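One structure below.
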Amino acid sequence: MIVAPVRSSVAFAQGRLDAKFHCSPGVQANEHMVLLKAAGTRFSRVAGEGALGSVSPTTRTKRVYAAPGEEALPYLRPYDVFDYLPQAADMLSVAGSNGLDRLTPKPGTILQTCSGRNLGPLVYADSFISRFVVSDDMLRLNIDDEADRLYALTFLSTPTGQALLTRSKTGNVIDHLSADDLAAIEVPFFDRKLTTSIVSKMRKAVTLRESARLRLDALVTEFAQQLPQPSRDRPMREGWTQRASSLGVRLDAAFHDPLVRAIRNAFQSDGVKVGDVAETFIPGRYKRYYVESAYGRPIVSGRQLLQAKPVNLRYIASRSFDFSVYELSDGMIAFGAEGAPRNELPSPRSLRAIGRPGLPTIT
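Note that our numbering has the sequence shown beginning at 2, numbered continuously upward.
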């Protein structure tokens with residue numbers, strides 16, 4: 002049961018007496034802001050006249066995908082930007098697309114999701130993200146002053162900031178957040194010492210992440226150049242011939258792809274099987290009992306493994322299973338075994354999270 006105090010003046014001013022409305026995170030967060038204002042705390046709007054910055058409106062842009070060999074720019078979808086090391090979802094044609102410069106964020110831009118189930122989370126664009134064209138389904142918040150920018154980023158990333166952001170969401174089927182909704186958020190500024198400390202820590206965080214991304218990307222590129230680089234003799238659409246006797250127990254085309262076979266043959270001479278140097282396992286199935294965050298452990302699956310800060314975490318009760326069997330720990334490599342292929346990511350720290358079933362783990 003959720004219990005929250007409500008001042009009578011607020012209840013009558015809103016014209017609502019239902020508990021569901023007044024106990025919602027957005028209304029509770031707004032009530033906290035009202036009390037801070039009454040106590041004399043200084044506030045600044047996120048965007049608008051006399052505000053911290055401006056919000057660039059988003060307009061739909063026709064995406065033209067690049068053909069092989071054509072000049073192209075890497076493209077990220079809204080949920081791609083949350084990955085620790087984002088990889089291009091597609092390549093967009095430079096000649097066939099208009100307004101790609103407008104969709105390429107400059108370092109320091111705050112990218113805010115504005116629709117769908119991932120509504121709310123935001124990302125700070127660094128020099129790595131600025132290599133990509135980012136979907137027009139993200140609002141762009143531009144704040145010139147670095148200290149104000151980092152402070153606003155910190156506040157909007159808090160549970161209070163997220164609750165205020167999603168308080169005015171609209172949409173009958175898909176939730177939406179407008180540029181005006183983001184601009185209307187008011188950021189509280191406390192004493193200078195606290196503000197300076199917050200800005201300093203956030204600056205260190207975004208700088209470390211930026212340098213780590215650039216270094217990791219350089220190392221991956223360098224390593225990839227040392228690997229076999231076979232190419233296709235003919236386009237995939239022409240198919241290939243496979244002897245029935247060579248199918249074995251695998252009937253899926255991807256396993257018998259000539260390009261995959263060429264890579265496999267190249268590794269046979271000096272390669273080592275993963276099973277020879279590591280233990281691999283897939284946790285078994287279990288029945289899930291979801292609970293609020295205060296009563297359970299976070300459970301990660303699929304794409305959440307790739308995210309610096311997992312989005313839309315759900316929490317599972319201890320009666321579901323023995324946590325020690327499914328817990329991720331430092332140095333583990335976990336990746337999805339079902340659905341679309343994704344990049345693997347070593348666990349950078351003890352996540353204190355639970356991997357879902359069907360999630361192969363290498364130790």
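All residues carry an ideal CB built from backbone N, CA and C; glycine is no exception.
Values in this document were obtained by computation on a predicted structure and should not be read as measured data.
Tell me which residues share the same chain as residue i and place their Cβ nearer than 8 Å to its Cβ, disregarding the 5 neighbours each side in the sequence.
i    : result
R193 : none
E50  : none
A255 : V261
L104 : T62, V134, V135, S136 and D137
M203 : L151, Y152, L154 and T155
S319 : G297 and R298
When the distance is taken between beta carbons, is residue j closer than 9 Å to residue i?
i    : j    : result
L93  : P106 : no
L314 : S294 : yes
A184 : A52  : yes
Y152 : V207 : no
Y290 : S321 : yes
Q308 : F83  : yes
L154 : V135 : no
F44  : F190 : yes
P299 : Y327 : no
G121 : I175 : no
G54  : D145 : yes
I1   : G162 : Outside the shown range of the chain (2 to 364) lies residue 1, about which nothing can therefore be said.
Within a Cβ cutoff of 7 Å, which residues of the same chain sit near residue i, ignoring the five residues on either side of it in sequence?
i    : result
I264 : P229 and P231
P349 : For P349, the predicted structure reports a pLDDT of 43, less than 50, and the residue's modelled location is therefore unreliable. A value from the coordinates is still provided. Excluding residues within five positions, none has a Cβ falling inside 7 Å.
S10  : none
K288 : S321
A67  : A73, M92, L93 and S94
K205 : none
V1   : Summary: the structure shown does not reach residue 1, with the chain confined to residues 2 through 364, and so no result is reported for it.
Give me the Cα-Cα distance between residue i and residue j, rounded to the nearest whole angstrom.
i    : j    : result
T242 : P236 : 13 Å
L352 : I317 : Confidence at L352 is low in this model, with a pLDDT of 44, below 50, so the placement of that residue is unreliable and no value is reported for it.
Q305 : L215 : 21 Å
M34  : T167 : 15 Å
H177 : D137 : 13 Å
V124 : T110 : 8 Å
R78  : T114 : 10 Å
A20  : L37  : 23 Å
Y296 : D323 : 15 Å
V301 : S169 : 28 Å
A225 : L248 : 29 Å
D81  : V275 : 28 Å
S201 : K310 : 20 Å
N31  : R8   : 13 Å
E223 : L252 : 34 Å
A245 : V278 : 33 Å
D102 : F282 : 45 Å
H257 : F22  : 57 Å
A213 : V273 : 28 Å
M219 : L209 : Per the sequence shown, residue 219 should be read as Ala rather than Met. Their backbone Cα atoms lie some 15 Å apart in a straight line.
V250 : E211 : 45 Å
S1   : V292 : Shown here, the chain extends from 2 to 364; a query on residue 1 therefore has no answer.
Suppose the cutoff is 6 Å on Cβ atoms and the five residues either side in sequence are ignored; what does the same chain contact list for residue i look like?
i    : result
P26  : A164
L217 : L86
P259 : W241
V56  : A48, L140, L142, A180, L183 and A184
V4   : none
T42  : P189
Restricting to Cα atoms, I'd like to know which of the options is closest to residue i.
i    : options                  : result
L72  : K288, Y80, F22 and D91   : In the sequence as presented, Leu is not what sits at residue 72; that position holds Glu. For the residues K288, Y80, F22 and D91, the minimum Cα distance to E72 belongs to D91.
F133 : L220, L151, P108 and A40 : P108
T59  : L142, D323 and K288      : L142
G332 : E280, G117, L157 and G41 : E280
R150 : S131, T197 and D81       : T197
D234 : V261, E223 and L252      : V261
Q29  : Y287, P160 and P69       : P160
V312 : S158, G70 and E223       : S158
Shorter than 9 Å from the beta carbon of residue i to some beta carbon of chain B?
i   : result
A48 : Among the protein chains of the structure shown there is no chain B, as only one such chain exists.
When the Cβ atoms of the region 96–114 are set against those of the region 58–70, are three or more pairs found closer than 8 Å? yes
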